[in-house]
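In this note's numbering, the protein residues as written are -3 to 725.
Every residue gets a Cβ at the ideal spot worked out from N, C-alpha and C, and that includes glycine.
Notes follow once the structure below has been shown.
As structure tokens, then:
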């Protein structure tokens, strides 16, 4: 995605981000805020004046009021004044943007630190804002021939993670960005064609120079654009006729930039202003998503050919559309064999739905293609089909009726239903905290659809409520998955689990330090590890090492500790939770009810299902961990082990990222740093840990196996460093 597009959606992203933290009315005395009467009965307004630190008004600045109730915007007048009216009453933050350099009232650089203002009906809230300390960045940009260049200018965080300022050069190639927050930046220049380079004279962010902006001073960054060439060609169909109105995108190596155009009436195209370089790939796509391919004749970017652009010259890339056929899709119930009348299907980029029992999808590229089918009441499924030019292939997909777990959550003491409680069905292995949880309604009841199998239930009440988290155990709540009940459901079955009774919550608090006296960078404490690259969050470790986890039921818990510069580890000092290595103990059984008939959508038949506490610790066996008491805070200080540095390589292919999983529990232990210059990655893992590695290239894969179960197991040695060569099965 180009940075210009990112800028256009940046404000919307800010608005959406408000949902990531709780909005509570702030004390108006915390900022320069007063209220006056309005004549509008149902809406409110925000007004004020924006000035710099000298008290001078700042005009032409963008002002945004954003909150769950809506948003509005205005531009400051020459005297610095602004008014945003017709706002729905509610909580809002205020953002001020000068030259695309943003700050939040009162005087904050991050949205998370912004004050929450309350807008009331029939009143105007006055919020005056003073710009933060700032400097100026200015410069002159020329093209390769020394002529003034018209480009956009971005100030980037040194790692390229965000844009901190934006502007344009004038007709003489000059630019000036005022009100730049003091700090370190890299500078990028983007031409009207979309080609991007960094100061000075490089297309690599890593090679770009870092510049420092100082309060009250001017930093000058001039640059000369790299020489350019072009890519030209013609797009034809298999019969040789030109194909018009198809988008053409030229992608730089490593996604540095993207330039493009649209084919003309005869299928010809030319993309000018491409920086001279190698490694370009050319994509052709119909703009409604009907088809997309890469030169020459490839469907995936990874397989696409690369092209070199020479300064002052034109590289020819002609392309022929891949021949197509059609696919007739039908579906049936995997249990009963009955035809399914209503379903949705996709083959490659062609998709649709039907209520007639069959669906014909056209314009499918020839070759072996993925087929995805989904229907209400069934688990989605993927398979493959072989498509030939001009012919219709047929595929019937067997869909398994979904199983379901019916739960009810109540307060243990009062028996009253509890709403807004997340309940996550977990497998015994790889029970990572999900990114989103289905939650109970006001009656405390919900039905969770699952694929057939065996599950344990992790219960996560809302953090601002009185109840604590639990695993559903055989005798009530427990803090150990090893003590949790297991529920086995078959295709089409609905199993009603025992009522979940919530206890009042307690907390664990303490300090985290490093065995090597290192700072704990990006430290977090989890009840369960996150899913890779997203998930349930965790509690942050403060700069002094302090942490608090305050949403736990009154049971014995183990906590997972993670930091950017340490291996992931449990509070027992190992890579594995206790009680999970090889438990073979008597099983306790209880009885639940299930309903079947999902294939016919009647769900009237009732049978009896057996619910087992699989591999559970006996009640008399003490659970290792941290004992939590309702209404109290247990103190647990922890010293993190740094772990061993494991370098993972893949023959002939650079690795983007790697995740390490416990081979015993499937817990996500750590994620690697980005790719090293030699194409390897480095990840910290505890010595002695038995792990499996998942390579996050596109597509991702397990080292030495097709899935987690079959992946190779690596035992980390006690050596300071270790190298693992991943084998792709």
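Given that a residue counts as buried once 16 or more other Cβ atoms are within 10 Å of its Cβ, and exposed if not, what is residue 109?
exposed
With a threshold of 6 Å on Cβ separation, who are the neighbours of residue 649 within its own chain once the five nearest residues in sequence on each side are excluded?
none
Here's the rule: buried if 16 or more other CB atoms are within 10 angstroms of the residue's CB, otherwise exposed. What is residue 162?
buried
N-terminal and C-terminal residue of the beta strand (DSSP E) that residue 566 is part of:
562 to 566
What does DSSP give as the partner residues of residue 258 in its beta bridges?
243
Would you give the residue range spanned by the beta strand (DSSP E) that residue 162 belongs to?
159 to 164
Exposure label - residue 213; buried when at least 16 CB within 10 Å:
exposed
Assigned secondary structure, residue 117 (DSSP; H/G/I helix, E/B strand, else coil)
coil
Rounded to the nearest angstrom, how far is the Cβ of residue 123 from that of residue 42, given a contact under 8 Å?
6 Å
Give a yes or no on whether the C-beta atoms belonging to residue 381 and residue 369 are separated by under 7 Å.
no
DSSP state of residue 445, grouped into three classes?
strand
Applying the 10 Å Cβ sphere with the 16-neighbour rule, what's the burial state of residue 710?
buried
Between the Cα of residue 402 and those of 393, 693 and 490, spot the shortest distance and give me the residue it belongs to.
490
With residue 665 and residue 657 assumed to form a contact (beta carbons below 8 Å), what rounded beta-carbon distance in angstroms separates them?
6 Å
Sufficient close CB pairs (3 or more, under 8 Å) joining the stretch 411 to 424 to the stretch 346 to 363
no
Out of 483, 205 and 690, point me to the one whose CA is closest to residue 703's CA.
690
Can you give me the start and stop residues for the beta strand (DSSP E) that residue 699 sits inside?
No beta strand (DSSP E) holds residue 699; DSSP gives it neither H nor E.
On a CA-only basis, which of 373, 89 and 52 is nearest residue 59? Give me that one, please.
89
Using a threshold of 6 Å, is the CB atom of residue 193 nearer than that to any non-hydrogen atom of the ligand SAM?
The model depicted lacks the ligand SAM and carries no ligand whatsoever.
In the DSSP assignment, the beta strand (DSSP E) including residue 167 goes from what residue to what residue?
Run containing residue 167: none; DSSP gives neither H nor E here.
Going along the chain, which residues of its own chain have a beta-carbon closer than 6 Å to the beta-carbon of residue 615, five neighbours each way excluded?
Caution is warranted here: a pLDDT of 43 is assigned to residue 615, below 50, making its placement in the model unreliable, and no coordinate value can be reported.
For residue 298 and residue 695, the rounded distance between their alpha carbons:
10 Å
For the stretch 329 to 376, list the beta strand (DSSP E) runs that are entirely contained and at least 3 residues long, ordered along the chain.
339 to 343, 346 to 350, 354 to 361 and 363 to 370
For residue 479, the three-state DSSP class (helix, strand or coil):
helix
Could I get the ranges of all uninterrupted beta strand (DSSP E) runs contained in the stretch 179 to 246, with 3 residues as the minimum, in chain order?
179 to 187, 192 to 194, 207 to 209, 214 to 216 and 224 to 232
By Cβ distance, which residues of its chain are closer than 8 Å to residue 228, with the 5 residues on each side in sequence left out?
264, 265, 266, 267, 310, 311, 312 and 313
Endpoints, the beta strand (DSSP E) within which residue 656 is located:
654 to 658
Between residue 462 and residue 435, which are expected to be in contact by the criterion C-beta below 8 Å, what is the C-beta distance as a whole number of angstroms?
16 Å between Cβ atoms; not a contact.
Beta strand (DSSP E) segment containing residue 421, residue limits:
418 to 422
Hey, quick one: how far does the beta strand (DSSP E) through residue 390 stretch, first residue to last?
388 to 395
Can you tell me which of the three DSSP states residue 412 falls into?
coil
Residues in its own chain within less than 6 Å of residue 24 by CB, not counting five upstream and five downstream?
Its pLDDT being 34, under 50, residue 24 is placed unreliably by the model, and the measurement read from it follows with that caveat. The answer is none, since no qualifying residue turns up.
In DSSP terms, what residue 735 is bridged to:
With the chain covering -3 to 725 only, the question about residue 735 has no answer from this structure.
In chain order, what residues of the same chain lie with their CB nearer than 6 Å to the CB of residue 217, ignoring the 5 residues before and after it?
135, 183, 195 and 207
Where residue 49 and residue 130 are concerned, what is the direct C-alpha to C-alpha distance, given to the nearest angstrom?
9 Å
Can you tell me whether residue 443 is buried or exposed? The criterion is at least 16 other CB atoms within 10 Å of its CB, across all chains shown.
exposed
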